[in-house]
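Working notes, beginning with the structure itself.
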Amino acid sequence: FSGVEWGLIFPDANGEYQSPINLNSREAKYDPLLLEVSLSPNYAVSRDCEVINDGHSVQILLKSKSGLLSHGLLFVVGY
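Residues 1 to 79 in UniProt numbering are what the sequence shown spells out, letter by letter.
What follows is the structure in structure tokens.
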């Protein structure tokens, strides 16, 4: 979303250095040291959580633990 309408629709984000940011792909540089990101969605429902909104960001703290299998290793992740 861009243009002057942004501040009208989202007045709290109407500062000089506020979202949305302009990502200029012509100025982007490839970094071969960065690892490939692989997303593995887990659609298990978890309603046991705490939501924290500090006015800048929103955090969702899951109280359950989840198993994660990655590269042949099993990790138990506590959120």
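Where a beta carbon is used, it is the ideal one built from N, C-alpha and C, also for glycine.
In this structure, the straight-line span from the alpha carbon of A13 to that of G7 is close to 6 angstroms. Cβ-Cβ distances below 8 angstroms link P11 to nothing in the same chain once the five nearest sequence neighbours on each side are left out. Restricting attention to G55, E50, S57 and E16, the CA atom closest to the CA of S64 is found in E50. In this structure, DSSP gives E16 a state outside helix and strand, which the three-state scheme calls coil.
In the DSSP assignment, V51 falls within the unbroken beta strand (DSSP E) covering C49 to N53.
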